[in-house]
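Working notes, beginning with the structure itself.
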Amino acid sequence: MAETFQIGPPRDKESFLELFALVLDEVYQYQERSPFCIHQGTLLQWIHDPKLSPTIEDLKVGLRGSPAGGHWPQAIVDSRVWRRLQGGSFLRALELAVEAAPHFGVSSAPEICRILAAVAQTVGSSDQKFKAENNKLYRERIGRAKDAYKKVQQQRPAIEAYTRMQSLTPLSMPQPAQRGSRDKGVTGKMPQAAPARGLLVRVNKPDKWPSLPLRDSSGFLSNNRIAVWHASNIGPSYAQKDENQDATFALVDGPRVIFALADGVSTSYGSRFSAEVIVRSFCFHVQRSIKSDTKSRSNSLKEAASATQIWLDNALAFLLANPLAPEWSDVRGPSNIADDVAIRLCENTINLTKRWLGPVLATTLVGGVVEPSADGERLEISAIRIGDGLIEHIESLDQPNGISPILQMDGQVTEISASLCPGPLGQKAVANPEIIHESIAAGGTLVISSDGLTRGHSCSVSQKLRDIVGVPDLGLRREDKTWALTILQKAARHADDSFNREEDQRLFNDNLSIIALVYDPANARRISYGKD
Amino acid sequence: MAFQKLTTKKATSLTPQVVTLIVDDSGSMEGSKAEQATNAMQDLVIAMQAGNQGSGGFRFLLNIAKFGSSTIPLAEAAKPEIVSLKDLVFTADSGGTEMADALTWASQALQKGLAECKKIAKYSQEGSPNPLVVFFSDGENTGGDVGASADALKSVPFTGGMVDVVAVGIGMNQKDFPVMERIASRADLAVNIDPSQLAEFIADVGATVQRGESPKALVDKY
């Protein structure tokens, strides 16, 4: 049977052959240190012996410990052989095959055994013809197979990998070889007892880990028609905040502007770091998603939020898998929480065993995209909200109904029902976020704010700022590129003055952040006529 | 699950809350009760440490003690982050159940905590949440009458309201329970819980404090 065994099309699907290439590649990496050891005949017997009939669960049981369940061939589970296999390329290949199988459309243990038999044939057979043909299949598919598997690993949060790493127990330490045993191996020496081998899953640092110190992202951007100012601020000094956990970001993408504002949950470990990452990650993902014309804005925003949440999952998994990594200091900030407590909080973010402990790296998010309508007369707004924050539309600050809410919030409510964070709570939050689409006339102003500017009064944020700065248009000028930071500083000073006059006045009692967008198609015409 | 964003309505760095926890560590607490107390108290302190983040000062001050034949302070007027989790171990080897002594300690520790709060510039006691004292015991009082100590604790001056004393019996015999009603600041703040609920109750103390909820809401759940 073994001599006529051959994989390949048309019997075997492309995805099956790609999985074969992936597994063979794994064996090639380790073969010099530990030969494959199992003959293809043993693996084919495993498939065809009715007394064995393995299932995927049987394969997993064996990977977790000594396969005493009875569904493994004796040729593998013989104690001398089993000892030799520990840490070797056969079990590594089996582990990879079991893990990757679902992503390549392979769903049964016999198929996995068939792949392993083909691997055994490639590395161990004396028949060069089969080796050559298998290697040809491998060379033609390995690139595609690796790309496909890498995409899967990037999409599936590393948090699952970390969770699996925690739940699997190491393989049991095999018994040391007895003196005088006949099993002396090829070299004539007694085989070494393999070390206990845990099923380690590599958890790499996610891409685009921010470099510190985190640059203040406040500023001004514009294209011909849309101008955006954005900033965040630690807030009034009476509030005694020890860091600014709000963050804003915006980018211009041709005719449109993409924006994001995140407010770190103050009691959440690492929320300042998270806020800075989230606003950037969200905007770049929206930009990337929008380039596909087939996606609706809603889908682009949801995908961007989801991709950002996956980044947080991967970041948390990386931190937990590397408790001594220097990246912990990026996340810690000025927190005095001991490292072992931080780790407990991080673990609880994943397993949620203690419901009263909030998640780490948690923030709210208001983000979206604004772009001119097809005729250029209106501004189309698509926005997403997780947690709280608001968007107001200003037509006029001097008229009674000149400010209208696009996304409202109640400044008296202090608990939020969702936040963007790692783990199941974050996954739930991005599964069903709040999304709005609006259209406003040219010339209006959008104001986006975190809850900080809503605290301690019952007006709209725009009206309150108007009262503070005393000018009808809030002083928004393209020439004043620091407007956002300036107005927040004025707001904070005003709040401190109020508190000093009367301590019951707790105005703006939080970190503060603001994004203001103005759509002025006339500006584009002025530019084109050389009148700017 | 709601995520806490603190405002002036709850414990803040200008209106911090003093939280006092006294746990019976007598021989009758041996086994599961002591183990639950250890794990749950450590978790509660972790929750308070998390709740203290983001603020330049402190939102909570903790007093924690275990008692048996005498009272052993584990934290006094302490910011949560300096409370050592390693010290929060209950081993049920503290002897008898001298409740009066424990209540006297609580009274002194509470006053110490309030004195620390008064050192904060712009501290507003009127705006601060009531100090919360939670007293846990599973057995009969083996010491003197608790009346004077309990009254002294409940009478600690606090201009923002009054001291809330919750007395929690842990599977206590009904004949011994009246002492808990004497200790509690109101009859409806005395509760007798099943020993298996101890960890959950302690966790709910932490949640109650974080959310600024009333202790009655805590007790009513049990």
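The listed protein sequences correspond, in order, to chains S and H.
Sequence positions in the first sequence follow this note's numbering and run 1 to 532.
Sequence positions in the second sequence follow this note's numbering and run 533 to 754.
Beta carbons: idealized from backbone N, C-alpha and C, even for Gly.
Computed from a prediction, not measured in an experiment: that's the story for all the values here.
Of the listed residues the options, nearest to residue i (C-alpha basis)
i                      : options                    : result
residue 510 of chain S : S/85, S/244, S/474, S/126  : S/244
residue 210 of chain S : S/248, S/331, S/95         : S/331
residue 581 of chain H : H/610, H/634, H/557, H/704 : H/610
residue 379 of chain S : S/434, S/145, S/442        : S/442
residue 382 of chain S : S/491, S/44, S/109, S/448  : S/448
residue 454 of chain S : S/81, S/16, S/502, S/388   : S/388
residue 374 of chain S : S/15, S/61, S/521          : S/521
residue 290 of chain S : S/253, S/270, S/320        : S/253
residue 316 of chain S : S/131, S/271, S/472        : S/271
residue 646 of chain H : H/621, H/695, H/635, H/673 : H/695
residue 626 of chain H : H/594, H/562, H/750, H/709 : H/562
residue 725 of chain H : H/659, H/703, H/743, H/649 : H/703
residue 393 of chain S : S/496, S/26, S/408         : S/408
residue 249 of chain S : S/283, S/13, S/225         : S/283
Beta carbon of residue i nearer than 8 Å to that of residue j
i                      : j                      : result
residue 260 of chain S : residue 365 of chain S : yes
residue 349 of chain S : residue 423 of chain S : yes
residue 542 of chain S : residue 489 of chain S : Chain S is shown from 1 up to 532; residue 542 of chain S falls before or after that span and cannot be answered.
residue 420 of chain S : residue 431 of chain S : no
residue 337 of chain S : residue 608 of chain H : no
residue 203 of chain S : residue 321 of chain S : yes
residue 460 of chain S : residue 263 of chain S : no
residue 701 of chain H : residue 632 of chain H : no
residue 232 of chain S : residue 218 of chain S : yes
residue 557 of chain H : residue 598 of chain H : yes
residue 590 of chain H : residue 656 of chain H : no
residue 18 of chain S  : residue 104 of chain S : yes
residue 629 of chain H : residue 600 of chain H : yes
residue 94 of chain S  : residue 59 of chain S  : yes
residue 570 of chain H : residue 621 of chain H : yes
residue 73 of chain S  : residue 45 of chain S  : yes
Contacts that residue i makes with chain S (C-beta to C-beta distance below 8 Å)
i                      : result
residue 578 of chain H : 341, 344, 345, 357
Distance, residue j Cα to residue i Cα
i                      : j                      : result
residue 499 of chain S : residue 456 of chain S : 11 Å
residue 734 of chain H : residue 669 of chain H : 13 Å
residue 417 of chain S : residue 583 of chain H : 17 Å
residue 505 of chain S : residue 739 of chain H : 27 Å
residue 536 of chain H : residue 356 of chain S : At residue 536 of chain H, the pLDDT of 42 sits below 50, so the modelled position is not reliable; the number obtained from the coordinates is stated separately. Near 10 Å, if we compare the C-alpha coordinates of residue 356 of chain S and residue 536 of chain H.
residue 745 of chain H : residue 737 of chain H : 10 Å
residue 109 of chain S : residue 55 of chain S  : 5 Å
residue 728 of chain H : residue 391 of chain S : 48 Å
residue 685 of chain H : residue 635 of chain H : 7 Å
residue 125 of chain S : residue 314 of chain S : 41 Å
residue 615 of chain H : residue 573 of chain H : 11 Å
residue 753 of chain H : residue 302 of chain S : 38 Å
residue 732 of chain H : residue 718 of chain H : 22 Å
Min CB distance residue i to chain H below 8 Å
i                      : result
residue 13 of chain S  : no
residue 519 of chain S : no
residue 189 of chain S : Confidence at residue 189 of chain S is low in this model, with a pLDDT of 37, below 50, so the placement of that residue should be treated as unreliable; the coordinate-derived value is given next. So no, residue 189 of chain S is outside the interface.
residue 267 of chain S : yes
residue 56 of chain S  : no
residue 245 of chain S : yes
residue 351 of chain S : no
residue 336 of chain S : yes
Residue-chain proximity (residue i, chain S), Cβ-Cβ < 8 Å
i                      : result
residue 669 of chain H : no
residue 683 of chain H : no
residue 739 of chain H : yes
residue 536 of chain H : In this prediction, residue 536 of chain H has a pLDDT of 42, which is less than 50 and means its spatial position is unreliable; what the coordinates show is noted afterwards. Taking Cβ atoms only, chain S reaches closer than 8 Å to residue 536 of chain H, which makes this a yes.
residue 581 of chain H : yes
residue 545 of chain H : yes
residue 638 of chain H : no
residue 613 of chain H : yes
residue 708 of chain H : no
residue 641 of chain H : no
Residues that residue i contacts on chain H, provided the C-beta gap is smaller than 8 Å
i                      : result
residue 242 of chain S : 586, 587, 588
residue 233 of chain S : By Cβ distance, chain H contributes nothing, its closest Cβ being about 15 Å from residue 233 of chain S, past 8 Å.
residue 136 of chain S : Correct list: empty, because the minimum Cβ distance to chain H is about 55 Å.
residue 238 of chain S : 546, 654
Residues that residue i contacts on chain H, provided the C-beta gap is smaller than 7 Å
i                      : result
residue 464 of chain S : Within 7 Å Cβ-Cβ: nothing; residue 464 of chain S doesn't reach chain H, min ~17 Å.
residue 149 of chain S : What residue 149 of chain S touches in chain H: nothing, since even the nearest Cβ is about 35 Å away.
Contacts of residue i in chain S (Cβ-Cβ under 9 Å)
i                      : result
residue 752 of chain H : Within chain S, no residue comes near residue 752 of chain H; the closest Cβ sits about 17 Å away, beyond 9 Å.
residue 656 of chain H : 503, 504
Chain B contact for residue i (CB, 8 Å cutoff)
i                      : result
residue 625 of chain H : Absence of chain B from the displayed structure is noted, the protein chains being S and H.
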